[in-house]
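Q: For the sequence shown, this note's numbering assigns the number 9 to the initial residue and increments by one for each residue that follows.
Don't be surprised by glycine CBs; every beta carbon is placed ideally from N, CA and C.
Below you'll find the structure I mean.
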Amino acid sequence: MFAFARGSPTRPAGRHRQASIRWLLISLVLACLVPGVLGIGALVYWMYQNDRAQTERNAIQTARALTNTLDAELARARAVALALATSSHLATSDLVGFHRRARALLQAEGIGDNIVLSDADGQPVLDTLRPVGEVLARRSQPARFTSSIEAVHPLVSDLITSQASGEPIVTVDAPVTAGGRVVYRMSLVLAPQDIGRILNNLKLPADWASSISDRTGTLVARTNQSDRFVGDKVNPELLRRLNGPAEGAFDWVSKEGVPAVVVYSRSPTTAWTVAIGIPKHSLTAPWLQTMLLLGLGASALFAACGVFAWRQGGKVSRSVDGLKDATVAMADGRPVPAPALHFAEAERAAEAIGRSVKILADQNLALQLTHAALLDREVQLAEAQHVALLGSWYWDSATETVTVSASMRQVFGRDEIHPFCKPSDTAYLPTACAQLNAATQLTIDTGLGYRIELDALRCDGTALTVEARAEAARSATGAIVGLRGTVQDITTRKQAEQASRTLQKLGDENRQILAASRVKSEFLANMSHELRTPLNAIIGFSELLHSGAVEHDPVKRQLFLGHIGTSGRHLLQLINDVLDLAKVESGKFEFFPEPVNLAALITECCDVLHTLIQRQNIDLSVEIYSGLGPLVLDAARLKQVMYNYLSNAIKFTQVGGRIQVRVLAEGQTRFRIEVEDTGIGIAACDLPRLFNDFEQLNTGRSKQRPGTGLGLALTRRLVQAQGGNVGVHSLPGRGSVFSVVMDRVHIKDTQMSDERPDFSAALPAPRVLVIEHNDRSKSRLVQELWDGGFHVDAVSSSGQALLHSRGAAYDGITLNLRLPDQGGLAVLESIRQEGQSSATPVVGISMLTHSGDSASFAVANVLGKPLQVDEIVAAMVRFRPTSAKRSTVVVIDDEWVPLNLMRETLNSIGIEAVCMADGREALREIERQGPDAIILDLLMPGLDGFEVLDALQQLPARRHTPVFIWTSLNLSEAQYTRLSQSAESIALKGGGELQPVLDALQSWRQSPGALQQVDP
């Protein structure tokens, strides 16, 4: 492609000068002629090769014919030799007759020079060239003589030297036998000239040579220079080739040094070889002459065609020059001259140029109009980019140059801006820089475009968000030649989107708040009812007692007190459920895994609810898979889950219904508990709400059954906090199945505090002997007494009981009065009469609760069945040994109600309580009086419980006084650890009643050195 500058064409740099049209035409002629000439030459060469191959085949046939002639000649000689060897003259030893006969036969056959007859020892006795009777010289016996004697037929020798004449000869040897033994050897002598006549009789070209060689490669005959070469050995390499296939041809150099083609044929009878040498020049000369003539003709043809092409090319060149001049004139705007044209195509081109002049003028006008419109659109595009805060850019990969629009500078407020990040670039934040460069490199490598949002800075430091887009620019071949892209300021849009998201989030949160408010309002309304019920009972019966209305009716007084206690415990349970749920939600709930007897635990839960089950006449069954293995769980929380599930099932099961508890294996490490009832069932649409906090399926005035909606929610939280899950399956009118799946061994979270220390573990445990033949009752007694701090030995028969009572001193004995092998009273009499337990308190267990029969045996108490294990534990604690000194305990609490309650409770068990409401006054009293123990609340005004503990550590005389913490404060792990180092026991007020503190005091009082109570 050329660029024109006012009529003078210029060739682009680096491009070679083009050939003229004359040379192109000459090249065309040559391109047409050369293949033809080369084809003819190849044909001539092919014909030469075929002619040579045919010549070789003919020569081989000639050699084969010569071999056959040679074999025939030698066969004729063997026939003559055989005829003479069987001559009758030799049989009668008529040598004269044999001499005459041999000469006549040689002359008649025209073969051979003479006949030599030798005796068995090889001594010549007759030669046809000598007179009969002439003594012949003795000759050495050659190896061929032995072979000829042994042979049956005449043998032809190789070329040998005659011992008589010294000339080369060939002999045909035949043995003469008589009586089965060889008496003579006859030899027919052939001269090489006789064999050479075979070659001379064949009329070969004068420059061809032929030869005959024997088995050893010795020349026997040759057509030229036979006197010189007959008797010589052929070249070893030539001999190797001649001894190859039976016939063939190959290139060779003759003994005269002439290159030749040798063809040969070897006789299968004598193994002699006939070879014909054909000089190569005789083969190639005719064809070389043909090729020479062909080359001269081709040269003449090339010259004639070249001259013609040169002349025709001149005409074409002048026509093209005329068209060129016309084109240059058209480009310069000058009148177009009429060029001299010499062929039709040039004339048509001239006509096309004329039409092009008009078309170009029209297109030039259209181009000017388009250019003006394009300028208009560029202005409009610049204005649109200015309004949209959109900049564009283009990067040329070949020149590494970047072109940016003016609006790019407006977007960033900078004079110089680059679509990529440079080390000194401050337009983009570092993270945005890395993101942009990674996306750009990916586009360069793969051709995939990008669309990303980046954080950037204007020159004044204000932040903005831009949307960067780019794509690969490709050439016509698809290669990437650059990148093009845009950068748009989307700060306003992002702010609007953020505002929209914020508004949407606020709307969602508002709806959640409204929903939560509705649910909690329903919960509070429900809780207000649930709380008022026990509070009304407590207040009502308390006012009746306070007014003295039942002062003289002890039965009603005890009944009212029972109602108050029951309502208080129910109220405390409601509050504890709310507190437990809050603890689980805040992640502060602690679990204390321990080995669990699952059968005993479920039985205990069923026994607690036994009254409700009997009231509704519900059939309750329990099935436990026996292969679960040991379980390590928080028993208290598992009981809480079971209570919730069982209470729920009882609540919604009609009278006469059925409840089934199943414990199954769930894989190798988990287990499943299912509680199935035949109650009213639950609709599928209500199932997702079952375990939600504060939700009940029937609320408001339509509520038919009591409850707060916390039980199932708390169950879900407790199970999930231990890594388990809950589930439910229900059909309306058919009943429901509530399930729990948990790990068999719960591993306590290491982030939670360690299990609280058992302060009574180090104390000497009282020893109790349990005598019970019923395995279930015995297991329950052992478990509960162990949990109560007793060391337990358990036996099943009277004999075992007597052995244990004789060998150890027990602090208490439980005795089933109806043992199968011996009556319980008889066993008790034996225990009293012998052994170390004659004065040990005994608690008798019987179906009948009267104690008349057991009074004479010092039975401390008689308990009836069904067995209430807590009565056994209480009886054991009641009959522990006591001392005579009354203990003094200082109680520190700022609230008068728990303070008075603790005073009365301690006094009732023989402990003197000194109650103090102020921490500082309590410290002075402790320092003055020196109590046996201290019960301390942590939440007090002024000096709190932690400060009281710190102050006690500063009093050397009171540093080791036991301190029992009794508080409603939710302790952190750090607080619990701190208290465990200085307090004897920690009990929560929310745990229900005063029993935890009393149990800790009892354990302390049973330890060595502790003062014991005196029964009031």
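#1: In the structure shown, what three-state DSSP assignment does PHE549 receive?
#2: Could you tell me whether the Cβ atoms of ILE775 and HIS799 are closer together than 7 Å?
#3: Just verifying my parser: in three-state terms, what is the DSSP assignment at GLU117?
#4: What did DSSP end up calling CYS467 once you bin it into helix, strand or coil?
#5: Of all the options THR378, LEU654 and GLY635, which has the alpha carbon lying nearest to the alpha carbon of GLU612?
#6: With C-beta atoms as the reference, is ARG477 less than 7 Å away from GLY490?
#7: Taking all protein chains shown into account, do 16 or more other C-beta atoms lie within 10 angstroms of the C-beta of SER273, making it buried, or fewer, making it exposed?
#8: With three or more C-beta pairs closer than 8 Å as the rule, is the segment 261–275 touching the segment 284–292?
#9: What's the C-alpha gap between VAL727 and ARG645?
#10: If you count every other CB in all the chains shown that lies within 10 Å of the CB of CYS693, and 16 or more means buried, which is it?
#11: Taking all protein chains shown into account, do 16 or more other C-beta atoms lie within 10 angstroms of the C-beta of GLN443, making it buried, or fewer, making it exposed?
#12: Can you tell me where the beta strand (DSSP E) with TRP260 in it begins and where it stops?
#13: To which residues does DSSP link MET55 through a beta bridge?
#14: Can you pull the DSSP bridge partners for LEU462?
#15: Does DSSP classify GLY743 as helix, strand or coil?
#16: If I measure Cβ to Cβ from SER28 and keep anything under 7 Å in the same chain, skipping five residues before and after, which residues do I get?
#17: LEU113 and LEU134 - do their beta-carbons sit closer together than 7 Å?
#18: When we look at the beta-carbon of LYS263 and count the other beta-carbons within 10 Å, is it buried (16 or more) or exposed?
#19: Which two residues bound the contiguous beta strand (DSSP E) that contains ARG826?
#20: Identify, in the order they occur along the chain, each residue of the same chain with its Cβ nearer than 8 Å to the Cβ of ALA965, setting aside the five sequence neighbours on each side.
#21: What are the boundary residues of the beta strand (DSSP E) that TYR192 is part of?
#22: Expressed to the nearest angstrom, what Euclidean distance is found between the alpha-carbon atoms of ARG670 and GLU780?
#23: Leaving out five residues on either side along the sequence, give the residues of the same chain with a beta carbon under 8 Å from the beta carbon of LEU947.
#24: Considering only residues of the same chain and omitting the five flanking positions on each side of SER744, which have a CB-CB separation below 8 Å?
#25: Which of helix, strand or coil does DSSP assign to ASN122?
#26: With the cut-off set at 7 Å, would you say GLY399 and VAL336 are in Cβ contact?
#27: With DSSP collapsed to three states, give me the class of PHE972.
#28: Let me know the secondary structure DSSP gives VAL558 once reduced to three states.
#29: Using the C-alpha atoms, what's the distance from SER629 back to ALA729?
#30: Spatial neighbours of ASN208 within its chain, please: CB distance less than 8 Å, with the 5 preceding and 5 following residues excluded, ordered by chain position.
#31: Just checking my contact of ASP222 with LEU167 at CB under 8 Å: how many whole Å lie between their CB atoms?
#32: Comparing C-alpha positions only, which one of PRO276, THR619, VAL184 and ASN908 sits nearest to ALA128?
#33: Can you tell me whether CYS441 is buried or exposed, with buried defined as 16 or more other CB within 10 angstroms of its CB?
#34: Buried or exposed, going by whether 16 or more other CB atoms sit within 10 Å of the CB of ARG725?
#35: Output the boundary residues of the alpha helix (DSSP H) element that contains GLY927.
#36: Please say whether ALA91 and ILE119 have beta carbons closer to each other than 7 Å?
A: Taking the coordinates as given:
#1: helix
#2: First, the residue type needs correcting, since residue 775 is Arg and not Ile in the sequence shown. Yes, the pair counts as a contact, with Cβ atoms nearer than the cut-off.
#3: helix
#4: coil
#5: LEU654
#6: no
#7: buried
#8: yes
#9: 9 Å
#10: exposed
#11: buried
#12: 255–261
#13: DSSP, once it has assigned bridges, lists no residue as partnering MET55.
#14: VAL474
#15: strand
#16: SER325
#17: no
#18: buried
#19: Careful: ARG826 lies outside any beta strand (DSSP E) and carries neither H nor E.
#20: GLU935 and GLY938
#21: 189–198
#22: 28 Å
#23: ASP902, GLY953, THR975, SER976 and LEU977
#24: ALA657, PHE660, GLU684, ASP685, GLY687, GLY689, ILE690, VAL736, HIS737 and SER738
#25: strand
#26: no
#27: strand
#28: coil
#29: 29 Å
#30: THR231
#31: 5 Å
#32: VAL184
#33: buried
#34: buried
#35: 927–937
#36: no
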